[in-house]
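S.K.: Would you mind keeping the following structure in view while I ask a few things?
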Amino acid sequence: MKAKKLLNKLKDILSDERQAQLARYSSLKKVLKSLRNEKIRLEMKLAEARNEEDRQEIASRLEIISAQRKKGLQLLKELKKERKNNPD
Amino acid sequence: MLRRSLLPAIFLLLGYGFWASAEFKTVAAGVAIFLFGMLALEEGFKTFTGGTLEKILKASTNRLWKSMAFGVVSTTIMQSSSLVSVITISFLSAGLLELSSAIGIIFGANLGTTTGAWLVAGFGLKVNLSAYAMPMLVFGILLIFQKQKNLKGAGYILTGLGFLFLGIHYMKEGFDSFGQTINLAEYSIAGYPGVFAFAGIGILATVVMQSSHATLILILAALAAQQISYENALALAIGSNVGTTITAIIGSLGSSADGKRLAVAHLVFNVVTGIIAIIGIYQLMEFVGWASAYLGIAAENYTLQLAVFHSVFNLLGIIVMLPLLNWLVKFLERLFTGQPFEVEQPVYLSDATRSMPEAAVEAVRKETVRLYDLAVSVITDGLSIQRDALQSGEKPKQVVKQSSAVIDEDIDTLYETKLKSLYGKIVEFVIHTKGGYTEGRLKEELHELRDAGQHVIEAVKGVKHFKKNLTRSIRSDNVYIRKQYDLLRRLIVRVLREIDTVRSTPEESESILSLDQVKLEVGKKTEKISDGLDDLIRQQHITVPMATSLMNDISYCKEICWDLLEAGATLFSVPDLHEKAAMRSVALDEQEITEMMKSQEQEPSR
Chain A
0 MKAKKLLNKL KDILSDERQA QLARYSSLKK VLKSLRNEKI RLEMKLAEAR
50 NEEDRQEIAS RLEIISAQRK KGLQLLKELK KERKNNPD
Chain S
0 MLRRSLLPAI FLLLGYGFWA SAEFKTVAAG VAIFLFGMLA LEEGFKTFTG
50 GTLEKILKAS TNRLWKSMAF GVVSTTIMQS SSLVSVITIS FLSAGLLELS
100 SAIGIIFGAN LGTTTGAWLV AGFGLKVNLS AYAMPMLVFG ILLIFQKQKN
150 LKGAGYILTG LGFLFLGIHY MKEGFDSFGQ TINLAEYSIA GYPGVFAFAG
200 IGILATVVMQ SSHATLILIL AALAAQQISY ENALALAIGS NVGTTITAII
250 GSLGSSADGK RLAVAHLVFN VVTGIIAIIG IYQLMEFVGW ASAYLGIAAE
300 NYTLQLAVFH SVFNLLGIIV MLPLLNWLVK FLERLFTGQP FEVEQPVYLS
350 DATRSMPEAA VEAVRKETVR LYDLAVSVIT DGLSIQRDAL QSGEKPKQVV
400 KQSSAVIDED IDTLYETKLK SLYGKIVEFV IHTKGGYTEG RLKEELHELR
450 DAGQHVIEAV KGVKHFKKNL TRSIRSDNVY IRKQYDLLRR LIVRVLREID
500 TVRSTPEESE SILSLDQVKL EVGKKTEKIS DGLDDLIRQQ HITVPMATSL
550 MNDISYCKEI CWDLLEAGAT LFSVPDLHEK AAMRSVALDE QEITEMMKSQ
600 EQEPSR
């Protein structure tokens, strides 16, 4: 098991396609992470907001972020699957 | 100063003339009616310039002699060299005509205009023209009232001819009566002093009346009534020929280089012809006498002899000037170099950058950002948004409030010269670069940037459509329609602001993704404005045509916003290409935004 993992790492380093796949994967993860941080920040802001207009705006933004994250997570899942199915 | 004082001086002189002499009043009224007839005639011919004349012009100007023949024939038919000049200038400016061909037309028009003198001298002064004028006017006016364009045009031509005939009649009457009270022929000056003096008067009269044709008819009428000597009449005709170019020069001052070239060509031709005619006036008189005898014109028929003289000296001018045509064209092209359209040139794109993939992508991005910036200035002008207000940081509502005056910029020209050409250069660069790239990500990025440019262009096109009704609404007294358009303008300002915010934080991916929320907002607000239209019509605050225009403009506004947001998301995204692609894959598309809008409508409490 350990050897297989090491072999995969080596393949990642050597293959251009694998490199690109990896870059896609890590970029998507980064974007999702920043969206999650933004979500947490906005939820805190919503809890503090008193003005109804502001609240609505924050809620709407949160909904957008949820939809974007949902889409992103689905893509991440597909990328993971792709990586698993085509190890080389 | 001279131009300002000229009109009151003419008014005073005419006023004094009317008070002093009833005959003068008749002659002046004849000139006024004649000129009015010319205006109506021009108006009539303009109706028919939508196709036929242009087709003939295109087909008949490929050779110099054809151009000249076109000038002669068209001016003979229309009896207006100025209308022929106007059409020639417009064709020249559009690049459909060479300068040499255009000059050929003008030479021909000079000869064609002399046919007027032939017609009046040979026919007009002998018969009672007013008898023909009256029915022409009646039928003409009846036709003018018709809705059909061609009938209306024919009406103007008929009315124009009617007024021309009536004008000639009054001029003739006036000079005939003059003969019974005063003999103007007593003031004739013999020899060269007379030639110069009367040529000067001819120039002045033509500048004042803005028509050499009218001056010539006046000269013929005076000559027929023996109020001026034959010799002085010839000098007046020479003067009128020169005078007509002065009005053309004044008219061309504000026109393009082509217009100026043609006006100067006209001036050179007529001045040269005038000088030759003045120097050789006595030889020409002899020749005209001989030619008239040959044509069977009586020796005492001075009016027809004047027509012969007019044609002969213009023909002489053509003979002298034709060999100099190429020289004249070169001289005029040097004299007026012409300001080519200030076509926007790319700053970052070059062959050198094309050879380096990363540099090429960055160059295209920077150039497209430039395109965006130029487009924003065109868009703000098109929406009559004050740029200072937009950059002030005030709320969109305040920005629109401060932008209550119409900015009258020609955005069509700006689009053609600045944006379209620059975008064309970007596309060209991308096409030639893309083929040489093997790396998928860079190729994809170039494709995305090209699409961003397309969105920018589409947004400006949308503004071009939107502008028409918007300008009308800003000037309108109807506060309701103004308010609706202000709401739409606010929305576009909000979008521009949001893109600016994203632009200022290029490292934060979530800020780019926040543009999706603006898309949602655009969708909701435009729908709200659409929904409010029924009430506005029902309460008679706006008319149905206003509402239909507004509906179209709401749709334009939505597209403008969407295009700007799409362009902004690509242009001002994070620098890392993989991250950029990841963000694009997470961003919501139009369908997803619409679905979200619908779900929020169903649950408004959210």
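As you go down the protein sequences, you meet chains A and S in turn.
Letter by letter, the first sequence follows residues 0 to 87 of numbering that gives the first Met the number 0.
Letter by letter, the second sequence follows residues 0 to 605 of numbering that gives the first Met the number 0.
C-beta: ideal position from N, C-alpha, C; glycine also.
Please report the residue range of the alpha helix (DSSP H) in which His-265 (chain S) lies.
M.R.: From DSSP, the alpha helix (DSSP H) with His-265 (chain S) extends over 256-278.
S.K.: Can you find a CB in chain A that lies within less than 8 Å of the CB of Ser-572 (chain S)?
M.R.: Ser-572 (chain S) does not count as touching chain A.
S.K.: Please confirm if Leu-45 (chain A) has its CB atom under 8 Å from at least one CB of chain S.
M.R.: Taking Cβ atoms only, chain S never reaches closer than 8 Å to Leu-45 (chain A), which makes this a no.
S.K.: State the Cα-Cα distance for the pair Arg-449 (chain S) and Thr-525 (chain S), rounded to the nearest angstrom.
M.R.: Going from the Cα of Arg-449 (chain S) to the Cα of Thr-525 (chain S) covers about 28 Å.
S.K.: Which residue spans inside the segment 307-334 of chain S form an unbroken alpha helix (DSSP H) run of at least 4?
M.R.: Runs found: 324-334.
S.K.: Around the Cβ of Thr-112 (chain S), are there at least 16 other Cβ atoms within 10 angstroms (buried) or fewer (exposed)?
M.R.: By the 10 Å Cβ count, Thr-112 (chain S) comes out buried.
S.K.: Under the assumption that Ala-236 (chain S) contacts Phe-286 (chain S) (Cβ atoms under 8 Å), give the Cβ distance between them as a whole number of angstroms.
M.R.: Going by Cβ atoms, the distance from Ala-236 (chain S) to Phe-286 (chain S) rounds to 15 Å, so no, they are not a contact pair.
S.K.: Excluding the 5 residues flanking Glu-42 (chain S) on each side, which residues of the same chain have their C-beta closer than 7 Å to its C-beta?
M.R.: If we look at Glu-42 (chain S) and ignore the five residues flanking it on each side, its Cβ neighbours are Tyr-155.
S.K.: Using only the heavy atoms of the ligand FMN, determine whether one of them is closer than 7 Å to the beta carbon of Ala-39 (chain S).
M.R.: Summarising the ligand content, the structure contains no ligands, and the ligand FMN is consequently not present.
S.K.: Give a yes or no on whether 8 Å exceeds the smallest Cβ distance from Glu-81 (chain A) to chain S.
M.R.: Cβ-Cβ to chain S under 8 Å: no for Glu-81 (chain A).
S.K.: Are the beta-carbon atoms belonging to Val-311 (chain S) and Ala-298 (chain S) less than 8 Å from one another?
M.R.: No, Cβ-Cβ distance for Val-311 (chain S) and Ala-298 (chain S) is not below 8 Å.
S.K.: Counting only Cβ-Cβ distances shorter than 9 Å, please list the residues of the segment 60-80 of chain A near chain S, keeping chain order.
M.R.: Answer in chain order: Arg-60, Glu-62, Ile-63, Ile-64, Ala-66, Gln-67, Arg-68, Lys-70, Gly-71 and Leu-74.
S.K.: Would you say Leu-441 (chain S) lies against chain A (beta-carbon separation less than 8 Å)?
M.R.: Output row for Leu-441 (chain S): interface = no.
S.K.: Locate the alpha helix (DSSP H) running through Leu-96 (chain S), then write down its first and last residues.
M.R.: From DSSP, Leu-96 (chain S) is part of no alpha helix (DSSP H); its letter is neither H nor E.
S.K.: Could you give the C-beta distance for Tyr-238 (chain S) and Ala-198 (chain S), rounded to a whole number, given that I count them as a contact under 8 Å?
M.R.: For the sequence presented, residue 238 (chain S) should be read as Gly rather than Tyr. Confirmed, Cβ separation roughly 4 Å.
S.K.: What whole-angstrom Cβ distance do His-617 (chain S) and Ser-33 (chain A) have, given they're in contact under 8 Å?
M.R.: Because chain S is modelled from 0 through 605, residue 617 (chain S) falls outside the range shown and cannot be assessed.
S.K.: Could you list the residues in the segment 374-408 of chain S with a C-beta less than 9 Å from some C-beta on chain A, going in chain order?
M.R.: Those residues of the segment 374-408 of chain S that come within reach of chain A (Cβ to Cβ, closer than 9 Å) do not exist; the list is empty.
S.K.: Using a beta-carbon distance below 8 Å, is Lys-29 (chain A) in contact with chain S?
M.R.: Yes - at least one Cβ of chain S is within 8 Å of the one on Lys-29 (chain A).
S.K.: Three or more C-beta pairs under 8 Å: does that hold for the segment 131-143 of chain S against the segment 105-121 of chain S?
M.R.: These segments do not touch.
S.K.: Per DSSP, what kind of secondary structure is Arg-62 (chain S) in: helix, strand or coil?
M.R.: Arg-62 (chain S) falls in the coil class under three-state DSSP.
S.K.: Determine, using beta-carbon pairs with one atom in the segment 43-63 of chain A and one in the segment 71-84 of chain A, whether at least three such pairs fall under 8 Å.
M.R.: No, the segment 43-63 of chain A is not in contact with the segment 71-84 of chain A.
S.K.: Could you check where the alpha helix (DSSP H) with Gly-115 (chain S) kicks off and where it finishes?
M.R.: Looking at the DSSP string, the run of the alpha helix (DSSP H) that includes Gly-115 (chain S) is 113-118.
S.K.: Given 8 Å as the limit, is there contact between the segment 537-547 of chain S and the segment 3-13 of chain S, that is, 3 or more CB pairs closer than that?
M.R.: Judged by Cβ distances under 8 Å, the segment 537-547 of chain S makes no contact with the segment 3-13 of chain S, as fewer than three pairs qualify.
S.K.: CA-CA distance, Leu-45 (chain A) and Ser-513 (chain S)?
M.R.: Approximately 16 Å, taken between the alpha carbons.
S.K.: Run down chain S in chain order and give the residues with a C-beta less than 7 Å from the C-beta of Arg-49 (chain A).
M.R.: By Cβ distance, chain S contributes nothing, its closest Cβ being about 17 Å from Arg-49 (chain A), past 7 Å.
S.K.: Counting only C-beta atoms, is Arg-2 (chain A) closer than 8 Å to chain S at any point?
M.R.: According to the sequence shown, residue 2 (chain A) is Ala rather than Arg. Taking Cβ atoms only, chain S never reaches closer than 8 Å to Ala-2 (chain A), which makes this a no.
S.K.: Name the residue from S:Ile-456, S:Ala-28, S:Ile-280 and S:Val-363 whose alpha carbon lies nearest to the alpha carbon of Tyr-169 (chain S).
M.R.: Minimum Cα distance to Tyr-169 (chain S) is reached at S:Ala-28.
S.K.: Measure from the alpha carbon of Val-501 (chain S) to the alpha carbon of each residue in S:Val-517, S:Leu-222 and S:Leu-38, then state which is nearest.
M.R.: Of S:Val-517, S:Leu-222 and S:Leu-38, the residue nearest in Cα terms is S:Val-517.
S.K.: Can you give the Cα-Cα distance for Leu-327 (chain S) and Ile-553 (chain S), rounded to whole angstroms?
M.R.: Those two C-alpha atoms are separated by around 55 Å.
S.K.: Would you kindly work out how many angstroms separate the C-alpha atoms of Ser-376 (chain S) and Gln-397 (chain S), rounded to a whole number?
M.R.: Rounded to the nearest angstrom, the two C-alpha atoms are 19 Å apart.
S.K.: Would Leu-519 (chain S) and Met-595 (chain S) qualify as a contact pair, given that the criterion is a beta-carbon distance under 8 Å?
M.R.: The answer is yes: Cβ separation under 8 Å.
S.K.: Given that a residue counts as buried once 16 or more other Cβ atoms are within 10 Å of its Cβ, and exposed if not, what is His-454 (chain S)?
M.R.: Counting Cβ neighbours within 10 Å, His-454 (chain S) comes out buried, since at least 16 surround it.
S.K.: Rounded to a whole number of angstroms, what is the C-alpha to C-alpha distance between Lys-83 (chain A) and Glu-497 (chain S)?
M.R.: Rounded to whole angstroms, Lys-83 (chain A) to Glu-497 (chain S) spans 40 Å at the Cα level.
S.K.: For Ala-388 (chain S) and Ser-402 (chain S), what's the separation of their Cα atoms in angstroms?
M.R.: If you take the alpha carbons of Ala-388 (chain S) and Ser-402 (chain S), they lie about 8 Å apart.
S.K.: Can you check which of these residues, S:Leu-11, S:Asn-300 and S:Val-492, is closest to Ala-224 (chain S) by C-alpha distance?
M.R.: Cα-wise, what sits closest to Ala-224 (chain S) is S:Asn-300.
S.K.: Pairing CB atoms from the segment 364-371 of chain S with CB atoms from the segment 471-483 of chain S, are three or more of them under 8 Å?
M.R.: Cβ pair count under 8 Å is below three, so no.
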